[in-house]
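Shown next, in structure tokens, is the structure this report addresses.
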Amino acid sequence: MADGETGPCDPDFSDLPTMIWVNTLSRLDLKTRYKVSITCSKLNEAFHHPTLWSRMTLYLIGNMTNYGWVKQSVVPARNMQLVKHFGKYFQNLTIVISGYLDDDFGNWNNLIAEVANKCRLESLKLRVGTATSVSHYEGKRSCSRNLIPLVNFIKNAFRLKKLHIVSWPMYPRNLENIDENIFEAAMLNPKLKELEELSLFCEDASDWTERQPILLQPADTTNLVHHFCNLRHLALRSPMVDQGLLKALSSRGRQSLQRLHILVNYISDDEAFQIPEIPDKVWEEFSLRNIGVQVALTILSKAPLLELCNLLKPACPVHFLTFMEYSGCDEATVQYITDKYKHTLTGFESHGKGGYVELEREIVTLVENSPNIRNFLYFGKISCSNVERLAELRSSSWTNFQVLRSSVYVEDEDNIEGRFSEDEVVVKTADGTYVMVSVLKKQLREQQELNAENRKLEMVSRVSDLLGYKWTPSLKKPKFS
């Protein structure tokens, strides 16, 4: 460019509406968002917009054990600043306290109390300490000063529509104290009568969770659920469910339930963790009282079909089934699901890699016979052809379609080892040259791997065309909620 000439002006974004910047910042993590905000007043204004702070997660780290051997309580200073400056904007709040609460968190609890007074919370999710099991009974009692502010959250809530309690100290000594019993606090708050969504002890990890936690008894659960007559979504573990709960949900005067999620928590040699038997008649009444209700079952650990049938009655309106990584889904179970729920099933997920049995044929049959399935995840062994077949069954109608990349194989691969005897050292090729068997095997394997990779790329392209967007197999197991 010659001297004196000026290039085109850089674009001026200063006149863009604030909400465009808010939308842009919402796609950044908190650290990057802050760095961007200090560049100019316009971005700083967007950074402080209430929309960006309506959803927040606060973290604390408790002690590593509940015996006091390792003192490692940590209250992140950044979280304390977030509460001070933006707590009044929080609407959907998650509080995560890892470890145990046997050490005083100090001023943090005063801040929690301040948030409880300031916030107009609509959704609260609590993961308070490690899930309590019988093995923790001999440990130190949870510090009351850490629990009381959280219980006060519930006592003072006035807009709360969704309450999710993933974990909570369940020692009898805590539950006997009204100041530490979050369930009693919820029922004592008349403003929570409008609660629409309640989830108790249902983890959202796709791989594992506490297998033998201390839970509310079915009678206590029924009493709690009966109190909240406007619930539309309810999530519980199977030991908390019995016929009484289903009958309470079927009683007159209640809002119709839209979704019931049950985490099936079965332990063969523990009476407290047997799968409750719900008769067909109870399911029929439940479905009649809650028109259009959907039941979602998540299988935590391996359970025989005979036991699962205690819940999986023909009249149970099963719409979604999830098998977690160690649940050991088998052929008989998939065949039973296909037979009983092919007209209602809208989603199926199996997070296990198939270490138990091969289910490929049964899975394809399930999807072929279940026309309403739109959500599909299968991490077991499956061929390229069957991935294409499944994608073709719904094409662009799939809302979720996932298989695990490492579990996809190419059908009809040649058995290279079987082509040569153990005694052969040198062989004659088609062009008349002599080659050492070890060298030839290596060449054949490399060619086979190349062909397999090309076949998988062809599958990805084919499935992408069918789904209508760029699709790839999952590289790792995702988390579900």
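In the working numbering, the protein residues as written are 8 to 488.
Quick reminder that beta carbons are idealized off the backbone N, C-alpha and C, glycines included.
Residues bridged to residue i (per DSSP)
i	result
GLY354	PHE327 and ASN382
ASN70	TYR107
LYS489	This structure cannot speak to residue 489, because the chain is shown only from 8 to 488.
LEU252	LEU252 pairs with nothing; no bridge assigned.
PRO220	SER140
LEU270	ARG244 and THR305
VAL81	ILE68
SER481	LEU411
SER174	ARG134
VAL433	MET443
8 Å Cβ cutoff, residue i in contact with chain B
i	result
ASP186	Among the chains in the structure shown there is no chain B, since it carries only a single protein chain.
Chain-order list of residues whose beta-carbon lies under 6 Å from that of residue i (same chain, five-residue window excluded)
i	result
LYS347	PRO321
SER245	ILE269, VAL271, ASN272 and ILE282
MET177	THR139 and ILE221
LEU241	LEU205 and LEU267
VAL90	LEU118 and VAL122
SER471	LYS477 and TRP478
GLY354	PHE327 and ASN382
THR64	THR101
Secondary structure of residue i, DSSP reduced to three states
i	result
GLU204	strand
LEU65	strand
ARG134	strand
PHE487	Residue confidence for PHE487 is low, a pLDDT of 43 falling below 50, so the modelled location carries little weight; the figure read from the coordinates is stated next. Looking at PHE487 - three-state DSSP - the assignment turns out to be coil, as it is neither helix nor strand.
GLN301	strand
LYS125	helix
ILE119	helix
PRO197	helix
SER308	coil
HIS240	strand
ILE556	This structure cannot speak to residue 556, because the chain is shown only from 8 to 488.
GLN409	strand
ILE6	A question about residue 6 goes unanswered here, because the residues of the chain that appear run from 8 up to 488.
MET87	helix
MET443	strand
VAL43	helix
SER258	coil
VAL491	Any property of residue 491 remains undetermined from this structure, which presents the chain solely from 8 to 488.
SER294	helix
ILE389	strand
SER403	helix
Cβ pair residue i, residue j closer than 8 Å
i	j	result
CYS236	ARG261	yes
LEU67	PHE97	no
ARG412	LEU457	no
LYS388	GLU369	no
THR345	LEU315	no
VAL232	LEU256	yes
PHE293	LEU253	yes
GLU52	THR31	no
VAL173	LEU238	no
PRO286	ASP249	no
ARG130	LYS162	Checking the sequence shown, residue 130 turns out to be Ser, not Arg. Going by C-beta atoms, SER130 is not nearer than 8 Å to LYS162.
LEU352	ILE306	no
CYS336	PHE330	yes
VAL415	VAL394	yes
LYS49	TRP28	yes
VAL158	GLU201	no
ARG218	SER308	yes
Exposure label - residue i; buried when at least 16 CB within 10 Å
i	result
CYS150	buried
TYR476	exposed
GLU356	buried
THR479	exposed
HIS171	buried
PRO220	buried
ASN297	buried
ASP227	exposed
LEU195	exposed
SER404	exposed
ASN376	exposed
MET443	exposed
PHE165	exposed
GLY299	exposed
ALA192	buried
ILE185	exposed
ASP109	buried
Proximal residues to residue i (C-beta, below 8 Å), its chain only, five neighbours per side dropped
i	result
GLY94	LEU118, GLU121, VAL122, LYS125 and CYS126
GLU418	SER390, CYS391 and SER392
ARG152	ASP111, PHE112 and ASN116
SER488	In this prediction, SER488 scores a pLDDT of 37, lower than 50, which makes its location untrustworthy; no coordinate-derived value is stated.
ARG40	LEU32, PHE54 and LEU59
Beta-carbon contacts of residue i that lie in its chain and below 7 Å, excluding the five residues immediately before and after
i	result
SER105	ILE68 and GLY69
HIS350	none
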